[in-house]
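>
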Amino acid sequence: MNKLRPLPTTGARTGILEALAFFRDPNFAKSRFDRLGNVFETSMLGQSMVFIQGEKAISDLLSQSEAIEGWWPASVQQLLGSHSLANRNGPSHKARRRVVAQLFSSSALQRYSPRIISLIDELADELKTAQAPLPLAEKMRRFAFSVIATTVLGLEGNDRDKLFSDFEIWTKALFSIPIALPGSPFAKALKARKRLLKRLQEILSNPINSKGGLDLLAGSLDEAGIPLTDQDLGEQLLLLLFAGYETTASALSCLMRELLLKPQIETWLREEIDILDWPPTPDQATMVYSPINAPRLDALVKEVMRFNPPVGGFFRRTKKTIILDDIVVPNNRVVQVALIASNRHGIVDLDIFRPQRHLENECSLNLMPFGGGERVCLGKSLAELEIRLMVVGLFRKLKLEVIPDQDFSLRQIPSPSPRDGLLVKVKD
Ligand code: HEM
403 MNKLRPLPTT GARTGILEAL AFFRDPNFAK SRFDRLGNVF ETSMLGQSMV
453 FIQGEKAISD LLSQSEAIEG WWPASVQQLL GSHSLANRNG PSHKARRRVV
503 AQLFSSSALQ RYSPRIISLI DELADELKTA QAPLPLAEKM RRFAFSVIAT
553 TVLGLEGNDR DKLFSDFEIW TKALFSIPIA LPGSPFAKAL KARKRLLKRL
603 QEILSNPINS KGGLDLLAGS LDEAGIPLTD QDLGEQLLLL LFAGYETTAS
653 ALSCLMRELL LKPQIETWLR EEIDILDWPP TPDQATMVYS PINAPRLDAL
703 VKEVMRFNPP VGGFFRRTKK TIILDDIVVP NNRVVQVALI ASNRHGIVDL
753 DIFRPQRHLE NECSLNLMPF GGGERVCLGK SLAELEIRLM VVGLFRKLKL
803 EVIPDQDFSL RQIPSPSPRD GLLVKVKD
C-alpha cells in the first residue's frame, strides 16, 4: 500500500474568487490539478469542495458506496424538492429509482421510438422548407424536451408548449444563488416550479388515457415498499425533465457542431450511415444503430461526450473519512468528480477531437459521462437512443451547412452549447 497523504488545498477561505474563476475559466480544475495533484480541496462560496480526477480516485470513490451519499448544490436541492430521488439517499432513493426505472426499460424505449422518429422527420421537414437559416442548437433543445414531454408524459401541442416556457424559467435559476428576493430569477423559478408541479399532478391523475409512458409506473408503485403520493411522483417527473433535457440537447448540439465544422469527420461518418435504412421499423429502432451495427456513430458519440461532457462533474458527500488515490478525505466533504479535466488527463493527444480513437484496440479510456455507481444516470439508454436516431435521421435526409460569421465557441454553463445557436441551412 502506498503512503497516505493529507488533502492538498488551494487555501481559499471565502471561496468568492474561486467561484468566479470556476464559472469563467474552463481550465479551472485542470490548472489546480496540475499544481496540487489528482485530489485537492478548495472553497466555493463558503462550501468546501474536494475535486477529483483520474481512474484511481474515481473508482476509489464509487466503490465505497457505504461511505458516500448523493449531494446537489442548494439551488438544485430546493428547485427539485425534498421528495425528488436526486435528493434522497439509502432505501428511499433505491425505492424511487426502481419505480422511475420502469420508464426506461427496453420495452418502454421501443414504445417511445415511433414518436421520436416522427419528431425527427418533422424537424427535417422544417429545416428543408425554412426560408431563413435556423438555429440548430435551439431545435435540439426543443427536440430533447419534446421527447420527454411527449413520449414519457404524453403531452402534445399547446400543453407541451406551456410546460416548456415555465420549464425554461425554472431551469435558468438552477445554478443560481438560492435567495428568493422579489423579482429575482430564483423567486421566478420557485413560482414556475409550483405551476409545473400542479400541471404534472394533473397529468398523473389521468395517465391511463394519455399516450405517454406513465401507465408503466402503475405496476411498480406497489413494489416500491413505501407510499408514493402524487406530490412525490410529480417531483420525480420534474427531475426527469431537468435531467434529460439540457444534457441531451447539449450532446446533440456539440455533435452537430463537430460534424458541420469538420467535413472530413462528416464524410467518414456518412460512409457508414449512408447505407443504413431510415426510418427503422418500430421493433428494430432501439437496436438497429447500436455500436455493433454503427461503430463509427458510437465512436463519435463517445468522443463528443469525452471532449465536451454535457455534465461537467457530478457530486457525492462523504459520510466517513475515505481514501481517494492515497489521499485522506475527511468525513462530511462534498466531492466533485471533475469529468472535463479527467477526460483530458493522461495520454498526450486527448486535447484533440478524434472519434477514431475509440475504434483502436489500445484505447482504454474509462469515460463516465453518465456518472457511476448507485446513482448512474437513469435515462442513459433513452439519451443514447435519441442521439443515434437524430444523427442517422437528419443526415440520411439532409445535407446541412453552417452559416459563416457566427460565434461557434461553446458557452459552458449549464451545459456546453454553441454561443450563436449554430445557424444552419440545407445545402442546395
Ligand atoms: C446525454 C444525456 C445525459 C447525460 C450526459 C446525463 C448525465 C447524468 C449524470 C452525470 C448524472 C449523475 C450521475 C451520478 O451522480 O453518478 C445523471 C443522473 C440522472 N439522470 Fe442523466 N444524463 C443524460 C440524460 C438523461 C435523460 C434523458 C434522463 C431521463 C429522462 C436522465 C435522468 C437522470 C436521472 C433521473 C438521474 C438521477 C439518478 C440518481 O440520482 O439516482 N438523464 N445523469
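Converting from the sequence shown to the numbering used here requires adding 402 to each position, the first position being numbered 1.
Where is the CB? At the ideal position from N, CA and C, for every residue including glycine.
Using the rule of at least 16 other Cβ atoms within 10 Å of the residue's Cβ for burial, across every protein chain shown, is Asn734 buried or exposed?
If you number the sequence shown from 1, residue 734 lands on position 332. The residue is exposed, with fewer than 16 neighbouring Cβ atoms inside 10 Å.
> Just to be sure I understand the criterion: a residue counts if its Cβ is closer than 5 Å to at least one heavy atom of the ligand HEM. Which residues meet that?
Ala488, Leu642, Ala645, Gly646, Thr649, Thr650, Ala653, Pro712, Val713, Phe716, Pro771, Phe772, Gly773, Arg777, Cys779, Leu780, Gly781, Leu784 and Ala785
> If Glu648 sits next to Thr553, beta carbons under 8 Å apart, how far is it from one beta carbon to the other, in whole angstroms?
The sequence position of residue 648 within the sequence shown is 246, counting from 1. The sequence position of residue 553 within the sequence shown is 151, counting from 1. At roughly 17 Å, the Cβ-Cβ gap does not stay under 8 Å, so Glu648 and Thr553 are not in contact.
> Counting only the same chain and skipping the five closest in sequence on each side, list residues whose C-beta sits under 7 Å from that of Pro820.
By one-based count along the sequence shown, residue 820 stands at place 418. Contacts found: Ala539, Ser655, Arg659, Phe810 and Leu812.
> Kindly indicate the opening and closing residues of the beta strand (DSSP E) around Ile724.
Within the sequence shown, the letter at position 322 stands for residue 724. Ile724 to Leu726 is the extent of the beta strand (DSSP E) around Ile724.
> Can you list, in chain order, the stretches of the alpha helix (DSSP H) that have 4 or more residues and sit fully within the segment 682 to 714?
697 to 709
> In terms of alpha-carbon separation, which member of Leu791, Thr631 and Phe506 lies closest to Ala526?
Translated into positions along the sequence shown, residue 526 becomes position 124. Answer by Cα proximity: Leu791.
> Rounded to the nearest angstrom, what separates Lys405 and Asp727 at their Cα positions?
The count along the sequence shown starts at 1 and reaches residue 405 at position 3. The count along the sequence shown starts at 1 and reaches residue 727 at position 325. Their Cα atoms are separated by approximately 10 Å.
> According to the Cβ coordinates, are Leu741 and Gly774 closer than 8 Å?
Counted from its first residue, the sequence shown places residue 741 at position 339. Counted from its first residue, the sequence shown places residue 774 at position 372. No, these two residues do not count as a Cβ contact at 8 Å.
> From the DSSP output, which residues share a beta bridge with Ile470?
Numbered from its first residue, the sequence shown carries residue 470 at position 68. Bridge partners of Ile470: Thr720.
> Taking Met792 as part of the alpha helix (DSSP H), name the residues at either end of that continuous run.
By one-based count along the sequence shown, residue 792 stands at place 390. Counting along the chain, Met792 sits inside the alpha helix (DSSP H) bounded by residues Lys782 to Lys799.
> List the DSSP bridge partners of Phe453.
Here residue 453 corresponds to residue number 51 of the sequence shown, with the count starting at 1. BP columns for Phe453 point to Phe442 and Gln738.
> For Lys827, which of helix, strand or coil comes out of DSSP?
By 1-based counting over the sequence shown, the position of residue 827 is 425. It is a strand residue.
> Measure how close the beta-carbons of Pro535 and Ile805 come, nearest whole angstrom, since I'm counting them as under 8 Å.
Taking the sequence shown and counting its residues from 1, the one referred to as residue 535 is at position 133. Taking the sequence shown and counting its residues from 1, the one referred to as residue 805 is at position 403. Sure, about 5 Å apart at Cβ, within 8 Å.
> Can you check which of these residues, Ile470, Thr720, Gln686 and Ile677, is closest to Gln699 by C-alpha distance?
Looking up residue 699 in the sequence shown gives position 297. Note on identity: in this sequence residue 699 is Leu, with Gln being the wrong assignment. That would be Ile677, whose Cα lies nearest to the Cα of Leu699.
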